[in-house]
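Notes follow the structure.
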Amino acid sequence: MNVFMFYMFSGIILICSLLTITTRRILRAAVYLLCVLLATAGLYFMLNYQFMAAVQLTLYAGGIVVLIIFSILLTHHITHRFKHPNLAKLLMGIGAAAIGSGLVIATILSHPFQAGTAPELKVNMTEIGNQLLSTGKNGYVLPFELISILLLAAMIAAIVIAKKDKNKNSEI
Amino acid sequence: MIQGIPLEHFLIVSTIMFFIGVCGFIIRRNLITMLMAIELILNSVNINFVVFNRYLYPDQLQGQFFSLFIVGIAAAEASVAIALIINIYRKMQNIEVENVNELKF
Amino acid sequence: MTGYTYTVFIILIPLVMFLVTGLMGMKWKPIVSGILGTIGMGTSWALSLITAASYFFGGHHAEGFQTIIPFEMKWLQFTDTLIIKMGILLDPISVMMLVVITTISFMVHLYSIGYMHGETGFARFFAFLSLFTFSMLGLVIATNIFQMYIFWELVGVSSFLLIGFYYQKPSAVAASKKAFIVTRFADLGFLIGILILSFVTGTFDFGKLTEPGTAIFGSAASMSFMGISAMTWAMILIFIGGAGKSAMFPLHIWLPDAMEGPTPVSALIHAATMVVAGVFLVARMFPVIHFQAPAAQEIIGYVGGFTSLFAAVIAITQYDIKRVLAFSTLSQLGYMMLALGVSGYGGEEGLGYMASMFHLFTHAMFKALLFLGAGSIIHAVHSNYMYDMGGLRKYLPITHITFLIACLTIAGVPFLSGFFSKDEILVAALHHNKLLFAIEFIVAGLTAFYMFRLYFTVFWGKDRHYHHTPHESPLVMTLPLMFLAVASVFAGYIPFHHLVTSDKVGFVTEMNYMVAIPSVLIGLLGIAVAWILYKKESDVPAKLAAKFGMLYTATYNKFYFDEIYLFVTRKIIFNYISRPIAWFDRHIIDGFMVGIGLVTEKVSYQIKGMQSGQLQHYAFMFVAGTLALALSMIYFLM
């Protein structure tokens, strides 16, 4: 059962990611991205990381993809179809990807990974909460605070950059 | 640890997704689709972290937390990128990446 | 013997005058440069006379005159013995030359104040005159052959500057170029000769080279090239250098053209000083030539003899006063070279050497006088050509008398200086080589003929009607004429055989009437023929010229040597040697440099293209670089 789930999710991931980068209509690309994200969440569920999966669904699928679709609608003619990329770029991209993946997969397969033998930790919300805010060993309060500042900065930046200039006229 | 699925399979999946993302970043002409490719890359890295955590260090949560933070940062970055894209659209009326080439010789 | 260190001022004063008038000449009134230059030269002249008096007449010299080196410093050192030094050498011939050079230069300076009056470039002229005098003085007091070579080249440059003084005239520019190139070409031979000589003997020093019984030539005996010994090659090459400066055949072509320069320049350089540099060089190297390369000495004799005959024949037909005098100089230089060529060494044998130096001295006096007189005539009539002149004896009395004295001297009339010096040469030639004696005898007659042709045509002949009456030159110009006339008359009485000889020991000589009387007779014969043909206006000369036809035209055109040289240089050297070399230089050497620049430009243009501003190119480069690093790290270095 596990195996079948795994292969299904993996298949969805790979096929949908390929479609994302090769489709000629932009809205479809966004939807395929959404499928990829959902399948990834599924993989997380399989691995017993429910919190992670929930965060993935909420933030990624629910936040970022929505944001992307907003921006698509703001800046595009939806029915506009993309042109094919030119040959040089295609070769560059496929070449880099192929060689890269070949190299990395070869390295992975040649490395003996030692499975961990420690007892499995029960992952529930209490545990995650404690660890997120603890200051001792395995404490993540510092990155937590930092990322909150980062989010603040990103928010301000986004507002400032996207602000309309009072004098100029533009559509959006 | 999931029975029956060796670690390498997960890693192969994430690798292929990563390089599809790279390829997409290089091939695509539209800024928004390039952003989508970046999201693919970030996601593949996330899978990598989580899988390593589960398989190699089942008693710790570092991988998961790292993934959490990556998601947060990805969200912040995507919002700033969209803001930039909107600005570029205002200037040039389209968002081809070839037009954004002022920092050249 | 007092210290002779003051002699360094003889040579330094002209140098200082050159720098001062050269740098400041434009700021002052021109006459200031003239006066400064003349005063400087006068001081040098006085110092030279003091040196000569002290050297020749102060103290006893039973065993001969010593070579004194009051001043010497090391300049470049190659090995232990091969050193280039800069210094002052005083021995009989150099002291004599000091007197000659400073006297003539002083006279010319004085004369130029009048002659060049009103010319633009007056200050420049005096600067160049001082430069020339400095270089010539440095040449004669050189202690080693390399120092002489340095000053030799300096003399060439000064001559170039002075001949091309009227630099806006194309003919003057061409003449100065010709002079410089011909002498430079000869100097190539000189340099190679110096190198061979120093290689064989290991030294540049004149003292060591000319020491009697020296052993430094030991290694020379075994070296030879193409059947001629190394020393003969060296001496022949050095002689070629001297032949270029002294305008021996076939390197004589520059001297007639050098008359484009102002007349004082011709007097100073091309009559009295620079052209005798070659003779001086042979005299300096005389022991080496006589003992180590006797074949070279024979060649010197024959070249001198041929040149004198050749030049005398051409001089008979020329119409330009200065050209006649130039060819006369060539002929007299031939005399001097011949005398050196037939000379022996030591005592009575060295008569030729002494005669050559004696003739150099007297010739300087009367030839300078002739040129300055010609300058005076040209100044009065404003033309160089003999057919524009005639009957000038009424208008230019002082010039007339001094010119006549000079002509009588050069013709060898008894009791004037030319008679004594020319006679000694004829005696020396008679003892050595009858053919050369015969040539010189004939040339003596020809000399008298063409000089008096010149004299009669200018001062007697047809009384012309001039546009504006010619007037006598000012005192500034006639004073040197008078002084030189006196010198020409009395210089013959200086006892050269006691003072300047080949081995620096005096000997006794007496008049050889067997030679003296025929030479006087042939001189008088030449004068008589000229009297008949030219004293009164007649058309006999023209008829004679027509009768000789082709021979006359060939002689008038200087036997077409200039045309031959031009042909060889233009058609052969330019086309086959210069053009390919110029092409090579322009396209390959320059092209190489330009090519490096072009390649760099192209490559940089290509590299510039990498900064395209395209985000995706950058991303690709980034990924590719990372993969390459990873590949090399994992698989090739581990």
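Chains as they are written, first to last, in numbering that gives the first Met the number 0: chain Y, 0 to 171; chain X, 0 to 104; chain F, 0 to 637.
Heads up, the beta-carbon is just placed ideally off N, CA and C, and yes, glycines get one too.
Does any residue of chain F have a CB that is nearer than 8 angstroms to the CB of residue i?
i	result
phenylalanine 24/X	yes
alanine 97/Y	no
leucine 89/Y	no
valine 99/X	yes
threonine 106/Y	yes
phenylalanine 17/X	no
valine 96/X	yes
leucine 102/Y	yes
valine 49/X	no
valine 184/X	Since the first residue of chain X shown is 0 and the last is 104, residue 184/X is not available in this structure.
Go ahead and label residue i buried or exposed: buried means 16 or more other beta carbons lie within 10 angstroms of its beta carbon, across all protein chains shown.
i	result
serine 147/Y	exposed
valine 602/F	exposed
proline 29/F	buried
tyrosine 655/F	In the structure as shown, chain F starts at 0 and stops at 637, and residue 655/F therefore has no counterpart that could be examined.
arginine 452/F	buried
tryptophan 582/F	exposed
methionine 0/Y	exposed
isoleucine 31/X	buried
asparagine 52/X	buried
leucine 133/Y	Reading the sequence as shown, one finds serine at residue 133/Y and not leucine. When all chains shown are included, serine 133/Y counts as exposed.
histidine 358/F	buried
lysine 607/F	exposed
glycine 594/F	exposed
aspartate 422/F	buried
histidine 378/F	buried
isoleucine 531/F	exposed
Name the one or two DSSP bridge partners that residue i has.
i	result
glycine 86/F	Glu71/F
phenylalanine 69/Y	In the DSSP output, where bridge partners are listed per residue, phenylalanine 69/Y has none listed.
asparagine 143/F	Asp204/F
serine 223/F	Ser228/F
tyrosine 88/X	Tyrosine 88/X pairs with nothing; no bridge assigned.
arginine 24/Y	Arg80/Y
aspartate 319/F	Tyr384/F
I'd like to know whether the C-beta of residue i is nearer than 8 angstroms to at least one C-beta of chain X.
i	result
threonine 134/Y	no
leucine 618/F	A quick correction: the sequence has alanine, not leucine, at residue 618/F. Alanine 618/F counts as touching chain X.
valine 602/F	no
alanine 53/Y	no
glutamine 49/Y	no
glutamine 605/F	no
asparagine 137/Y	yes
methionine 45/Y	yes
glycine 624/F	no
serine 611/F	yes
isoleucine 148/Y	no
Measuring only between beta-carbons, confirm whether residue i sits less than 8 angstroms from chain Y.
i	result
leucine 628/F	no
methionine 91/X	no
leucine 102/X	no
valine 105/X	Residue 105/X lies beyond the range of chain X shown here (0 to 104); nothing can be said about it.
glutamine 615/F	yes
| said: Counting beta carbon pairs with one atom in the segment 127–138 of chain F and one in the segment 261–274 of chain F, are three or more of them shorter than 8 angstroms? | reply: A contact between stretches requires three or more CB pairs, one per stretch, nearer than 8 angstroms, and the segment 261–274 of chain F meets this requirement with the segment 127–138 of chain F.
| So, do the segment 371–390 of chain F and the segment 467–477 of chain F have three or more beta carbon pairs nearer to each other than 8 angstroms? | The segment 371–390 of chain F makes contact with the segment 467–477 of chain F; the number of CB pairs closer than 8 angstroms reaches 3 or more.
| At a cut of 8 angstroms, does the segment 41–60 of chain X reach the segment 111–120 of chain Y through at least three beta carbon pairs? | Flag = yes, the segment 41–60 of chain X and the segment 111–120 of chain Y touch.
| message | Between the segment 510–519 of chain F and the segment 364–383 of chain F, can you find at least three pairs of beta-carbon atoms closer than 8 angstroms? | response | Contact fails between the segment 364–383 of chain F and the segment 510–519 of chain F, because fewer than three Cβ pairs, one in each stretch, are under 8 angstroms apart.
| request: Take every Cβ of the segment 72–85 of chain F, pair it with every Cβ of the segment 97–107 of chain F, and state whether three or more of those distances are shorter than 8 angstroms. | output: A contact is defined here as three or more CB-CB pairs under 8 angstroms, and the segment 72–85 of chain F fails this definition with respect to the segment 97–107 of chain F.
| request: May I ask you to verify whether the segment 98–118 of chain Y touches the segment 33–47 of chain X, counting CB pairs closer than 8 angstroms and requiring at least 3? | output: Judged by Cβ distances under 8 angstroms, the segment 98–118 of chain Y makes no contact with the segment 33–47 of chain X, as fewer than three pairs qualify.
| message | Would the segment 106–126 of chain F count as touching the segment 492–506 of chain F if we require 3 or more Cβ pairs under 8 angstroms? | response | Short answer: they don't touch.
| request: Could you tell me whether the segment 310–326 of chain F touches the segment 437–448 of chain F, using the rule of 3 or more Cβ pairs below 8 angstroms? | output: Contact between the segment 310–326 of chain F and the segment 437–448 of chain F is present, because at least three Cβ pairs lie under 8 angstroms.
| request: Could you tell me whether the segment 239–253 of chain F touches the segment 294–309 of chain F, using the rule of 3 or more Cβ pairs below 8 angstroms? | output: Yes, the segment 239–253 of chain F touches the segment 294–309 of chain F.
| message | With three or more C-beta pairs closer than 8 angstroms as the rule, is the segment 147–165 of chain F touching the segment 289–300 of chain F? | response | Output reads no: the segment 147–165 of chain F does not touch the segment 289–300 of chain F.
| query | Taking the runs of the beta strand (DSSP E) that are 3 residues or longer, which of them lie wholly in the segment 334–392 of chain F? | reply | The qualifying runs do not exist here; there are none.
| field | Cβ pair count under 8 angstroms reaching 3, the segment 149–165 of chain Y against the segment 72–91 of chain X | value | Short answer: they touch.
| Just checking, does the segment 98–111 of chain Y make contact with the segment 2–16 of chain F on the three C-beta pairs under 8 angstroms criterion? | Contact check between the segment 98–111 of chain Y and the segment 2–16 of chain F: fewer than three CB pairs, one atom from each, fall below 8 angstroms, which does not count as touching.
| said: Please give the ranges of any alpha helix (DSSP H) in the segment 263–298 of chain F, keeping only runs that are unbroken, at least 4 residues long and fully inside the region. | reply: Within the segment 263–298 of chain F, the complete alpha helix (DSSP H) runs of at least 4 residues are 276–283 and 285–291.
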